[in-house]
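2 protein chains.
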Amino acid sequence: MTEFSFNQATAKYWPLVDVVKGCAAAGVRHVGLWREPVAEYGLERSVALVQDAGLSVSSLCRGGFFGAPDWLDDNRRALDEAAALGAPALVLVCGGLFDRPLADARARVASGLGALAPHALDLGVTLAVEPMHPMFCADRSVVSTLAGALALCEPFPPEAVGITLDTYHVWWDERVLELIPLAGPRIASFQLADWVIPLPADVLVGRGLPGAGHVDFAPLVDAVLATGYDRPIEVEVFNAELWERPGEEILRDTIAAYRSVIHD
Amino acid sequence: MTEFSFNQATAKYWPLVDVVKGCAAAGVRHVGLWREPVAEYGLERSVALVQDAGLSVSSLCRGGFFGAPDWLDDNRRALDEAAALGAPALVLVCGGLFDRPLADARARVASGLGALAPHALDLGVTLAVEPMHPMFCADRSVVSTLAGALALCEPFPPEAVGITLDTYHVWWDERVLELIPLAGPRIASFQLADWVIPLPADVLVGRGLPGAGHVDFAPLVDAVLATGYDRPIEVEVFNAELWERPGEEILRDTIAAYRSVIHD
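As you go down the protein sequences, you meet chains P and Z in turn. With full-length UniProt numbering applied, the first sequence corresponds to residues 1 to 264, in that order. With full-length UniProt numbering applied, the second sequence corresponds to residues 1 to 264, in that order.
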C-alpha cells in the first residue's frame, strides 16, 4: 500500500528542521524536499536530520532548466544531492524556450537527458521528467504532456529516466488515462494538487489542496496504482494563501486532503 | 491567397459601426464578429452594415457552452445569426466542467454537436469547435487539443462540424503540426494570437498581437496553408491594455502584426 509524502513546497516558509519534526510528530514517514532549503540547512546536516527522524525522502526538486548556462554542472550536483538524501528521483522541470523555437527547445531537453543519464544510473537516482501544464511551456517547461515526456524517456532505461506525474499538470489531458498504463514503471514520482480557478497573475502559486478544485482524482489515482506504483504519493501545492499559515496547520490540512482522495 | 480578417474582439470597445467603417477605410475586406455587439446594433442592421461596406464576415463568435441551461436554443439562434451574416463558421467555445467529471463534460459536447449538426447543415454554417488552451479546461472549454477536437468532429461531415484553430491555444502542443494535415478541410477558421508572459490574473485577457510573444508562427501557418486553407485568417487578441487604445490604432497595429507573420 502506498503512503503519503509531504512535499515541503506545500509549506514553503516552514523551516526544514520544523518540517522534519512536524512530519515525524504527525506519523508522516516520507517527505519531498527542495534543493534550496536543503542547501540552506546544509546537505550533510539535512541528510542526518531526515535519517535521525526516520523519514525517507521521496523526491528531490528540482533539476532541469536545460537552457540555463550552467545546466550540466547544476544537474550533476542535483543528482549528487538526491543520492546523498536517498531520494530515488530527481524531479526535472525541463525549462522553457530560452529564446529558441519550441522544436529546438524540446530537442535540447532530449540531449540534456542523454548527457545526464550515465551519472543518474551510476548514482541510482532517476531523472524524473515532469510534464508541466502547457501554460508553463514558454517559461518553465517545454515538456507539456505525458506523451511528450514518454517520448523523451524512450531511449533510456526506466532506472535512468522516468516521469514525475503531477495531477495539477496533466488532469485536463485527453490522453493521460490511456498513457499511464504505458508509462508503467517509468512513473518515478506521483504528486497530487488540485486545479482551482480563477488563476492568479503569473499562475504559479494558485494550486489547491486535493479536493479543493476541479481535478477528478479517482481515475488518475486508480490508473497510477494499477501500474504497480508503490512509492509514496506526494502532495505538493503552491498556494500563496496556504503558505501564509503555520506549518503545523498546513501539514494537518494536507494530510486530511490526501485522505479525502486516496482511500486505503 | 488567403487574406486578413479583423476579429472585432481585438478592439473590444470599438463600436461595431466604427469597426466596419474602419476596416473598409483601411482596405480590410473581412471581419470576425461577436454575437453581443451584433445583437446590440441589431442583427438586420448589422447584416446591412457589413454588406453595404462590402465586407465579408469570416466567423461569428460564439456558440458552445454545452453545459449551460439554454444551450440548445441559444446555439440554434447563434447558427441562425451566423447564416444571416453570411459567416461560414460559428466558433464554438465548448464550455467547462459545469460541475461534471471531465469525461462526462466531454461526452456532453459530443452529444451537443449531434443535436446541432442537422441545423448547421441546413443553414450551411459550420460548427467550428475551438480547442482551447488547457488552462481554460475547467471553466471555458473541455476541448483542449486539436486531437480532442478532431475526435469530436469525426462522426460528422466537415461541412457540419469543423475546427477553429487559434495559435494562442495550440502552439505548445507536441502533436499539432502532425495533426493539422489530418485536420485538412475540417479547419473552418484560423485565428492568430501570440503567447505573452507573465499571464495576468484569470488569464483571459493577456494575449499578444502576432509577433509580440513566444509563438513560432511560421510552422503553424505553413501547415494550415498546406492543407489548402484559403479562407481569411483572423487576428483575434484579448488584451486589456490593447483594448484601452483607439480602435483605428488597434486596427493599424493588428494589420502590421499580421503582416509580420504572414508573408504573401
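Built from N, CA and C at the ideal position, the CB exists for glycine as well.
1) Skipping 5 residues on each side, what residues in its chain have a beta carbon closer than 8 Å to that of residue 146 of chain P?
2) Quick one: what does DSSP say residue 160 of chain Z is sitting in, helix, strand or coil?
3) Which residue wins for smallest C-alpha separation from residue 100 of chain Z, given the options P:233, P:46 and P:214?
4) In the segment 205–218 of chain Z, which residues sit with their C-beta less than 7 Å from some C-beta in chain P, listed in chain order?
5) When burial is assigned at 16 or more other CB atoms within 10 Å of the CB, is residue 240 of chain Z buried or exposed?
6) At the 8 Å Cβ level, is residue 180 of chain P part of the contact set with chain Z, yes or no?
7) Taking 8 Å as the CB-CB cut-off, is residue 94 of chain P touching chain Z?
8) Let me check understanding here. Comparing Cα to Cα, which of P:114, P:133 and P:142 lies closest to residue 156 of chain P?
9) Are the C-beta atoms of residue 164 of chain Z and some chain P residue less than 8 Å apart?
10) For chain P, is any of its Cβ atoms less than 8 Å away from the one on residue 67 of chain Z?
11) For residue 126 of chain P, which of helix, strand or coil comes out of DSSP?
12) Check each residue of the segment 135–148 of chain P: if its Cβ is closer than 7 Å to any Cβ of chain Z, include it; give the result in chain order.
13) Whose C-beta lies closer than 7 Å to the C-beta of residue 13 of chain Z among residues of the same chain, with five residues either side of it excluded?
14) Express the C-alpha separation of residue 263 of chain P and residue 102 of chain Z in angstroms, rounding to a whole number.
15) Taking C-beta pairs closer than 7 Å, name the residues in chain P that residue 97 of chain Z reaches, listed in chain order.
16) Would you mind telling me which residues of chain Z sit closer than 8 Å to residue 274 of chain P, beta carbon to beta carbon, in chain order?
17) Once you ignore the five residues that flank residue 148 of chain P on each side, which residues in its own chain have a CB closer than 7 Å to its CB?
18) Find out if the Cβ-Cβ distance for the pair residue 152 of chain Z, residue 143 of chain Z is shorter than 8 Å.
19) Use the C-beta contact count for residue 51 of chain Z: other C-beta atoms within 10 angstroms, 16 or more gives buried, fewer gives exposed.
20) Under 7 Å between beta-carbons, which chain Z residues line up against residue 155 of chain P? List them in chain order, please.
21) Taking C-beta to C-beta, are residue 150 of chain Z and residue 186 of chain Z nearer than 8 Å?
22) Hey, could you find the ends of the alpha helix (DSSP H) residue 259 of chain P is sitting in?
23) How should residue 68 of chain Z be labelled, buried or exposed, when 16 other C-beta atoms within 10 angstroms of its C-beta is the threshold for buried?
24) Output, in chain order, the set of chain Z residues within a Cβ distance shorter than 7 Å of residue 195 of chain P.
25) Identify the contact partners of residue 201 of chain Z in chain P, using a Cβ-Cβ distance below 8 Å as the criterion.
26) Do residue 194 of chain P and residue 206 of chain P count as a contact pair if the criterion is CB distance below 8 Å?
27) Using 8 Å as the Cβ pair cut-off and three pairs as the minimum, do the segment 54–70 of chain Z and the segment 25–42 of chain Z touch?
28) Give the secondary structure of residue 30 of chain P by DSSP, where H, G and I count as helix, E and B as strand, and everything else as coil.
29) Can you list the residues of chain P that residue 236 of chain Z reaches, using a CB-CB cut of under 8 Å?
30) Starting from residue 102 of chain Z, find everything on chain P with Cβ-Cβ shorter than 8 Å and list it in chain order.
31) For residue 287 of chain P versus residue 233 of chain P, is the C-beta spacing smaller than 8 Å?
32) Could you give the first and the last residue of the continuous beta strand (DSSP E) run that contains residue 22 of chain P?
33) Between which two residues does the alpha helix (DSSP H) harbouring residue 180 of chain Z extend?
34) Distance, Cα to Cα, residue 265 of chain P vs residue 85 of chain P?
35) Can you list, in chain order, the residues of its chain with a C-beta nearer than 7 Å to that of residue 26 of chain Z? Leave out the 5 residues immediately preceding and following it.
36) In this structure, how does DSSP classify residue 3 of chain P when only helix, strand and coil are distinguished?
This is what the structure holds:
1) Counting from 1 along the first sequence, the entry for residue 146 of chain P is found at position 146. The residues are 131, 163, 165, 170, 173, 175, 176, 179, 180 and 183.
2) The residue given as residue 160 of chain Z occupies position 160 in the second sequence. Residue state, collapsed to three classes: coil.
3) Taking the first residue of the second sequence as position 1, residue 100 of chain Z is located at position 100. Among P:233, P:46 and P:214, the Cα nearest to that of residue 100 of chain Z belongs to P:214.
4) Residues 214 and 216.
5) Residue numbering aside, residue 240 of chain Z sits at position 240 when the second sequence is read from its first letter. Exposed: under 16 other Cβ atoms inside 10 Å.
6) If you number the first sequence from 1, residue 180 of chain P lands on position 180. False, the Cβ-Cβ gap to chain Z never drops below 8 Å.
7) Here the question's residue 94 of chain P lines up with position 94 in the first sequence. No, because no Cβ of chain Z sits closer than 8 Å to the Cβ of residue 94 of chain P.
8) In the first sequence, counting from the first residue as 1, residue 156 of chain P sits at position 156. The residue with the shortest Cα to Cα distance from residue 156 of chain P is P:114.
9) Sequence index remark: in the second sequence, residue 164 of chain Z carries index 164 (1-based). No - not a single Cβ of chain P is within 8 Å of the one on residue 164 of chain Z.
10) Translated into the one-based positions of the second sequence, residue 67 of chain Z becomes position 67. Taking Cβ atoms only, chain P never reaches closer than 8 Å to residue 67 of chain Z, which makes this a no.
11) On the first sequence, residue 126 of chain P is found 126 positions in, with the first residue counted as 1. DSSP places residue 126 of chain P in strand when its eight states are reduced to three.
12) 135, 137, 138, 139, 144, 145, 147 and 148
13) For the purposes of this step, residue 13 of chain Z is taken as residue 13 along the second sequence, with counting starting at 1. Once the five neighbours on either side are set aside, the close Cβ partners of residue 13 of chain Z are 243.
14) The sequence position of residue 102 of chain Z within the second sequence is 102, counting from 1. The sequence position of residue 263 of chain P within the first sequence is 263, counting from 1. Cα-Cα distance, rounded: 21 Å.
15) Taking the second sequence and counting its residues from 1, the one referred to as residue 97 of chain Z is at position 97. In chain order: 214.
16) Since the first and last residues shown for chain P are 1 and 264, residue 274 of chain P lies out of range.
17) Position 148 of the first sequence, counted from the first residue, corresponds to residue 148 of chain P. Only 131 meet the Cβ criterion.
18) Counting from one through the second sequence, the residue named residue 152 of chain Z turns up at place 152. Counting from one through the second sequence, the residue named residue 143 of chain Z turns up at place 143. Going by C-beta atoms, residue 152 of chain Z is nearer than 8 Å to residue 143 of chain Z.
19) The residue you call residue 51 of chain Z lines up with position 51 of the second sequence. With fewer than 16 other Cβ atoms within 10 Å, it is exposed.
20) Within the first sequence, the letter at position 155 stands for residue 155 of chain P. Within chain Z, no C-beta atom comes nearer than 7 Å to that of residue 155 of chain P; the closest sits roughly 16 Å away.
21) Locating residue 150 of chain Z in the second sequence gives position 150, where the first residue counts as 1. Locating residue 186 of chain Z in the second sequence gives position 186, where the first residue counts as 1. Cβ atoms of residue 150 of chain Z and residue 186 of chain Z: closer than 8 Å.
22) The residue given as residue 259 of chain P occupies position 259 in the first sequence. From DSSP, the alpha helix (DSSP H) with residue 259 of chain P extends over 247–261.
23) Position 68 of the second sequence, counted from the start, is the residue given in the question as residue 68 of chain Z. Exposed, since its Cβ has fewer than 16 Cβ neighbours within 10 Å.
24) By one-based count along the first sequence, residue 195 of chain P stands at place 195. Here the neighbours are 138.
25) Here residue 201 of chain Z is taken as the residue at index 201 of the second sequence, counted from 1. Going along chain P in sequence order, the residues near residue 201 of chain Z (Cβ under 8 Å) are 198, 199, 200 and 201.
26) On the first sequence, residue 206 of chain P is found 206 positions in, with the first residue counted as 1. On the first sequence, residue 194 of chain P is found 194 positions in, with the first residue counted as 1. Cβ distance not < 8 Å, so residue 206 of chain P and residue 194 of chain P don't count as in contact.
27) yes
28) By one-based count along the first sequence, residue 30 of chain P stands at place 30. Note: residue 30 of chain P maps to strand in three-state DSSP.
29) The residue you call residue 236 of chain Z lines up with position 236 of the second sequence. The contacting residues do not exist; residue 236 of chain Z stays about 19 Å from chain P at best.
30) Indexing the second sequence from 1 puts residue 102 of chain Z at position 102. In chain order: 171, 172 and 216.
31) An answer regarding residue 287 of chain P cannot be provided, because it is not within the stretch 1 to 264 covered by chain P.
32) The count along the first sequence starts at 1 and reaches residue 22 of chain P at position 22. No beta strand (DSSP E) holds residue 22 of chain P; the alpha helix (DSSP H) holding it covers 16–25.
33) To locate residue 180 of chain Z, count along the second sequence from 1; it is residue 180. Segment 176–183, the alpha helix (DSSP H) holding residue 180 of chain Z.
34) With chain P covering 1 to 264 only, the question about residue 265 of chain P has no answer from this structure.
35) Start at 1 with the first residue of the second sequence, and residue 26 of chain Z comes out as number 26. Only 251 and 255 meet the Cβ criterion.
36) Here the question's residue 3 of chain P lines up with position 3 in the first sequence. In this structure, residue 3 of chain P counts as coil in the three-state DSSP scheme.
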